[in-house]
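Chemist: In this text, residue positions in the sequence shown follow UniProt numbering: the first is 1, and each later residue adds one. Glycine included, each C-beta is placed from N, C-alpha and C at the ideal position. One structure, as structure tokens, below. Some questions next.
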Amino acid sequence: MMIRPGTEWMDRAACHGVDAALIDASPTRGRNLGAIHRYAAELCRECPVQRECAADALATRAEGVIRAGVPVPERAGNKVRRRMAFTRLRAIAGVGP
Ligand code: SF4
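Shown next, in the form of structure tokens:
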């Protein structure tokens with residue numbers, strides 16, 4: 001997760017203090033993305049700030065990360081998957097379509 005100053009909810013995140021490389025979903029050769037997705041999904045499932053995280057991912061146009069349990073492809077990646085990821089993030093954040 002990208003840490004931005006002034007976002008106090010991040011202190012309560014299940015991934016707070018976790019090595020960012022463990023939840024970085026960018027498709028770098030040689031990385032086990034399946035294992036990364038599973039690990040992140042575990043963290044996010046019990047996270048008390050999923051909604052804030054999803055809203056922040058929408059606001060920052062996240063890419064190449066897992067936010068609120070949703071793998072968000074990079075901008076240059078699969079456009080359909082990226083659109084679907086943002087639809088899921090909007091649902092989690094509780095904002096309109
Ligand atoms: S929902 Fe997942 S990525 Fe977002 S703050 Fe929580 S643990 Fe981190």
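Would D56 be called buried (16 or more neighbouring beta carbons within 10 Å of its own) or exposed?
Modeler: For the purposes of this step, residue 56 is taken as residue 56 along the sequence shown, with counting starting at 1. Burial call: buried.
Chemist: May I have all residues whose beta carbon comes closer than 7 Å to any heavy atom of the ligand SF4, sorted in chain order?
Modeler: Checking every Cβ against the heavy atoms of the ligand SF4 under 7 Å gives M1, M10, A13, A14, C15, I23, A40, L43, C44, C47, V49, Q50, C53, I66, R67, A68 and G69.
Chemist: Once DSSP output is grouped into helix, strand and coil, what is the label at R75?
Modeler: On the sequence shown, position 75 is the one that residue 75 refers to. It is coil, neither helix nor strand.
Chemist: Going by CA-CA distance only, name the one from L58, A14 and N78 that's closest to A41.
Modeler: Taking the first residue of the sequence shown as 1, we reach residue 41 at position 41. Minimum Cα distance to A41 is reached at A14.
Chemist: Quick one: grab the DSSP three-state call for R61.
Modeler: If you number the sequence shown from 1, residue 61 lands on position 61. Correct three-state label for R61: coil.
Chemist: Quick one: what does DSSP say V18 is sitting in, helix, strand or coil?
Modeler: Locating residue 18 in the sequence shown gives position 18, counting from the first residue. DSSP places V18 in coil when its eight states are reduced to three.
Chemist: Measuring CA to CA, which of G96, T87 and K79 is closest to G69?
Modeler: Position 69 of the sequence shown, counted from the first residue, corresponds to residue 69. When only C-alpha atoms are compared, the closest one is T87.
Chemist: Between the Cα of A93 and the Cα atoms of V80, R67, S26 and A76, which residue gives the shortest distance?
Modeler: Taking the sequence shown and counting its residues from 1, the one referred to as residue 93 is at position 93. The shortest Cα separation from A93 among V80, R67, S26 and A76 belongs to R67.
Chemist: Would you list the residues sitting across from V70 in a DSSP beta bridge?
Modeler: The residue given as residue 70 occupies position 70 in the sequence shown. Answer is R67, bridged to V70.
Chemist: Taking all protein chains shown into account, do 16 or more other C-beta atoms lie within 10 angstroms of the C-beta of A35, making it buried, or fewer, making it exposed?
Modeler: Working through the sequence shown from its first residue, we reach residue 35 at position 35. Classification for A35: exposed.
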